[in-house]
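Protein chains: 2
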Amino acid sequence: MTAQAPIQAESETGGGTWRFPANRPLRLDSGATLAPLEIAYKTYGRLNDERTNAILVCHALTGDQHLASTHPVTGKPGWWDRFVGPGKPLDPDRHFIICSNVIGGCMGSTGPASIDPATGEPYGLKFPVITIADMVRAQAMLIEAMGIETLFAAIGGSMGGMQVQQWAADYPEKLFSAVIIAAAARHSAQNIAFHEVGRQAIMADPNWMSGAYLTAGVRPEKGLAVARMAAHITYLSEAALQRKFGRELQRDGLSWGFDADFQVESYLRHQGASFVDRFDANSYLYITRALDYFDLAARHGGVLAEAFMKARHVRFCVLSFSSDWLYPTAESRDIVRALNGAGCRTSFAEIATDKGHDAFFLDEPLLDQTLRGFLGAQAQARGLA
Amino acid sequence: MTAQAPIQAESETGGGTWRFPANRPLRLDSGATLAPLEIAYKTYGRLNDERTNAILVCHALTGDQHLASTHPVTGKPGWWDRFVGPGKPLDPDRHFIICSNVIGGCMGSTGPASIDPATGEPYGLKFPVITIADMVRAQAMLIEAMGIETLFAAIGGSMGGMQVQQWAADYPEKLFSAVIIAAAARHSAQNIAFHEVGRQAIMADPNWMSGAYLTAGVRPEKGLAVARMAAHITYLSEAALQRKFGRELQRDGLSWGFDADFQVESYLRHQGASFVDRFDANSYLYITRALDYFDLAARHGGVLAEAFMKARHVRFCVLSFSSDWLYPTAESRDIVRALNGAGCRTSFAEIATDKGHDAFFLDEPLLDQTLRGFLGAQAQARGLA
Chain V
1 MTAQAPIQAE SETGGGTWRF PANRPLRLDS GATLAPLEIA YKTYGRLNDE
51 RTNAILVCHA LTGDQHLAST HPVTGKPGWW DRFVGPGKPL DPDRHFIICS
101 NVIGGCMGST GPASIDPATG EPYGLKFPVI TIADMVRAQA MLIEAMGIET
151 LFAAIGGSMG GMQVQQWAAD YPEKLFSAVI IAAAARHSAQ NIAFHEVGRQ
201 AIMADPNWMS GAYLTAGVRP EKGLAVARMA AHITYLSEAA LQRKFGRELQ
251 RDGLSWGFDA DFQVESYLRH QGASFVDRFD ANSYLYITRA LDYFDLAARH
301 GGVLAEAFMK ARHVRFCVLS FSSDWLYPTA ESRDIVRALN GAGCRTSFAE
351 IATDKGHDAF FLDEPLLDQT LRGFLGAQAQ ARGLA
Chain Y
1 MTAQAPIQAE SETGGGTWRF PANRPLRLDS GATLAPLEIA YKTYGRLNDE
51 RTNAILVCHA LTGDQHLAST HPVTGKPGWW DRFVGPGKPL DPDRHFIICS
101 NVIGGCMGST GPASIDPATG EPYGLKFPVI TIADMVRAQA MLIEAMGIET
151 LFAAIGGSMG GMQVQQWAAD YPEKLFSAVI IAAAARHSAQ NIAFHEVGRQ
201 AIMADPNWMS GAYLTAGVRP EKGLAVARMA AHITYLSEAA LQRKFGRELQ
251 RDGLSWGFDA DFQVESYLRH QGASFVDRFD ANSYLYITRA LDYFDLAARH
301 GGVLAEAFMK ARHVRFCVLS FSSDWLYPTA ESRDIVRALN GAGCRTSFAE
351 IATDKGHDAF FLDEPLLDQT LRGFLGAQAQ ARGLA
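Here is the structure:
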């Protein structure tokens with residue numbers, strides 16, 4: 001372990017890369033193993049003496065560990081900056097907040113851009129296909145290595161919400177509470193279809209080179225940008241796009257050509273172009289695959305409630321957004337029904353908003369209030385208040 | 001005119017290519033002109049002596065003139081075969097049915113793959129940007145050349161429904177009735193966004209070669225396939241995809257790789273691969289652009305009802321599908337509201353179906369019944385019955 005354990009950190013913001021030795025591999029659902037395993041993480045706040053105040057935040061598809069710290073590539077604030085900070089729902093003065101880059105990712109955790117010890121080259125497509133359960137297994141190794149027996153809360157939106165469900169299924173004894181935001185218990189056909197478009201866009205780029213682009217010194221930027229553009233549409237509601245952009249033009253009059261005439265075109269092109277600066281194309285393939293493979297009920301005899309049977313002591317909060325068409329409220333209701341079926345303590349709220357799936361990153365006061373209220377109540381129950 | 005005029009046709013199915021001489025150019029909204037203009041068309045049935053039984057069917061984005069005849073490239077039945085034939089709503093025994101390939105298309109009408117007389121090479125990106133109104137102006141030239149003063153009906157779904165609205169706005173005196181199916185009076189921000197993804201996928205393909213691929217002897221097949229895959233998702237409802245494919249696998253077990261594991265992936269890949277055999281990438285750019293530019297109200301001082309003010313004598317039928325999220329029912333209601341505002345005779349029905357936008361091609365008995373009923377009533381009013 002070359003990384004500094006955050007519980008020894010002097011500053012309120014810590015982190016680094018946790019390196020597990022080669023004899024502590026990560027066992028994967030595919031049957032493969034991953035070693036040596038590295039997990040890049042950030043922490044905020046301090047672990048209390050009782051080690052009862054740790055919150056794990058699980059990030060979404062293109063997120064990373066930079067929850068509430070300046071992103072090293074983009075220079076932008078952390079992706080959940082608005083929820084993490086003194087006086088905010090996730091408060092470093094009270095909580096020890098952990099966020100780690102998922103395996104398969106590209107911000108420091110072992111992923112397809114990491115060096116394959118067998119070849120000395122980046123893994124590329126030799127990286128094993130991973131699952132949401134594999135991501136969670138790696139997180140559990142990190143949490144254990146940090147000396148934390150029980151998480152006060154596991155929280156996540158979108159793919160993060162899938163990881164939280166997996167935590168409840170696989171490590172219920174390590175959870176006190178769980179918050180699942182804008183997620184689903186399995187990827188639908190339409191979800192898979194959109195991801196497949198993105199993967200095909202990447203794989204159609206000649207610079208992808210069957211995944212070996214890093215070795216060749218190129219990057220499939222155009223394909224990755226198209227993948228991001230397609231996905232980005234699914235993160236916003238039709239109404240939000242119409243309100244933000246409508247048919248507004250970039251300049252006076254139409255170009256009568258294929259420049260970006262409409263502001264929405266320019267916006268999407270920007271989303272694509274800026275994404276390729278911070279994300280790895282193969283990571284995009286692997287993480288979308290993990291999402292497509294996600295079907296929690298299938299791992300429990302086809303009955304979702306079975307997944308949560310050992311999590312009856314966990315206090316759940318499930319949140320959805322009314323205009324989210326990527327993981328619509330109906331998907332959250334399925335989760336709630338299963339939690340109720342398993343006898344878990346479950347709060348559920350659908351937050352009325354026209355912002356679509358991405359509402360969980362955005363200024364949505366009801367989300368702040370709900371998170372604050374839920375975590376406050378759990379802190380009392382946990383004796384943290 | 002080298003083409004045989006269909007009114008002289010001996011057989012019940014006619015068609016060919018109508019060639020307008022260079023001194024009869026098509027004047028375009030952009031200010032450019034297109035000459036010589038060629039329009040590829042098919043006809044079914046015979047024009048009656050009074051020339052009052054002609055129906056123009058306007059095709060959708062990737063449709064063509066092969067309405068009810070075997071497609072020469074795919075060998076498949078015409079795209080609206082189920083609605084056209086003896087005893088069907090569009091009946092060659094009673095109607096003279098015309099369907100022409102839009103300009104900008106790739107099935108014989110002048111488009112970006114046509115030879116630019118200025119260079120002797122395919123137009124490529126030298127083809128002028130066209131609009132829905134330009135498409136309709138070309139159709140009006142064809143109808144006039146055929147000696148038809150008034151259409152008994154103009155009918156179209158999706159982009160076809162936009163052309164029908166444009167007919168009502170620009171040539172109301174030439175219309176007796178009009179059927180607008182699963183359309184909108186303007187392209188929304190989300191509509192434009194999906195098209196922009198498709199265009200970027202095509203333009204990202206190095207074989208696109210800035211549009212000059214035909215001269216170079218290559219084709220941007222991968223980019224066009226990705227564009228089609230993304231668009232195809234928008235043609236189906238989430239429920240239809242789930243019902244058809246769910247999470248069904250292609251074979252027993254997961255591949256733990258990037259092959260098509262799920263049937264929905266394989267289906268989408270097939271949609272992409274088969275599309276490139278029959279469609280031209282530049283046509284896709286130009287026609288999607290025409291759709292994005294479509295905003296009928298904007299041409300009439302921002303008031304949609306103004307577009308229909310001269311069409312009060314036209315009998316309209318507007319139809320939408322409840323699960324269409326590409327052009328949702330709300331868009332059809334906007335058209336109906338404008339038609340009512342203009343004082344037009346308007347029927348409207350939302351057909352309850354989970355098949356999404358593509359329902360207008362599919363086995364949807366209520367669509368058959370509605371079309372049959374509406375056209376039957378109009379035939380009586382027209383004295384055709």
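Which chain is which? The protein sequence lines are V and Y, in order. First residue of the first sequence? That's 1 in UniProt numbering, and the numbers climb one at a time after it. First residue of the second sequence? That's 1 in UniProt numbering, and the numbers climb one at a time after it. We put the beta carbon where it would ideally sit given N, CA and C, even for glycine.
Put simply, the backbone Cα of T346/V is about 9 Å away from that of R337/V.
Residues of the segment 125-148 of chain V with a C-beta less than 7 Å from any C-beta of chain Y: V129, listed in chain order. For a Cβ distance threshold of 7 Å, residue set P206 of chain Y lies close to P206/V, ordered along the chain. Contact check between the segment 113-129 of chain V and the segment 200-216 of chain V: three or more CB pairs, one atom from each, fall below 8 Å, which counts as touching. Under the three-state reduction of DSSP, K42/Y is assigned to strand.
Cβ neighbours of P89/V within its own chain (closer than 7 Å, five residues either side excluded): F83, D368, L371, R372, L375.
In this structure, DSSP gives E350/Y an extended state, which the three-state scheme calls strand. Using a Cβ distance threshold of 7 Å, S320/Y and E364/Y do not count as a contacting pair.
Under the Cβ criterion of 7 Å, G160/V is not counted among the residues facing chain Y. Taking C-beta separations shorter than 7 Å and ignoring five residues to either side along the sequence, the partners of Y293/Y in its chain run T131, following chain order.
Counted as a single uninterrupted DSSP element, the stretch harbouring I130/V is not any alpha helix (DSSP H), since DSSP gives it neither H nor E. Pairing G161/Y with I143/Y gives a Cβ-Cβ distance that is not under 7 Å. For E238/Y, the closest Cβ of chain V is nearer than 7 Å.
Straight across, the Cα-Cα distance linking A154/Y with E173/Y is about 12 Å. The C-beta separation of H232/V from Q190/V comes to about 16 Å, leaving the pair out of contact by the 8 Å criterion. Along the segment 281-293 of chain V, going in chain order, the ones with a CB nearer than 8 Å to a CB of chain Y are L285, R289, D292, Y293.
Among the residues facing chain Y, K42/V is not included, as its CB has no counterpart in that chain under 7 Å away. Counting the other CB atoms within 10 Å of its CB gives H313/V a total below 16, which places it among the exposed residues. Under the Cβ distance rule, M209/V does not count among the residues neighbouring chain Y, no pair being separated by less than 7 Å. Only L241, Q242, F245, G246, R247, L254, W256 from the segment 240-256 of chain Y bring a Cβ to less than 7 Å from some Cβ of chain V. When the Cα atoms are used, F308/V and S266/V turn out to be separated by approximately 44 Å. According to the DSSP secondary-structure assignment, D295/Y is paired through a beta bridge with R186/Y. Counting the other CB atoms within 10 Å of its CB gives Q380/Y a total below 16, which places it among the exposed residues. Along the length of the segment 156-218 of chain Y, whole alpha helix (DSSP H) runs at least 4 residues long occupy 159-170, 189-204, 213-216, reported in chain order. Among the residues of chain Y, those whose CB is under 7 Å from the CB of D295/V are R247, following chain order. Secondary structure at F262/Y: strand, using DSSP grouped into helix, strand and coil.
Interface criterion not met: the Cβ of V303/V is under 7 Å from no Cβ in chain Y. In summary, the residues of the segment 173-194 of chain V whose CB is separated from some CB of chain Y by less than 8 Å are R186, H187, S188, A189, Q190, I192, A193, F194, in the order they occur in the chain. By the neighbour-count criterion, in which a residue is buried when 16 or more other Cβ atoms sit within 10 angstroms of its Cβ, E248/V is exposed.
Look at M229/V: its C-beta is under 7 Å from a C-beta on chain Y. With its beta carbon less than 7 Å from one in chain V, S30/Y belongs to the interface. Under a 10 Å Cβ-count criterion, T70/Y is classified as exposed, with fewer than 16 other Cβ atoms of the shown protein chains found around its own Cβ. For V314/V, no chain Y residue has a Cβ inside 8 Å of its Cβ, as the nearest lies near 26 Å away. As computed with DSSP, R228/V is found in no beta bridge at all. Looking only at P77/V, A178/V, D205/V, the smallest Cα-Cα distance to A377/V is reached by A178/V.
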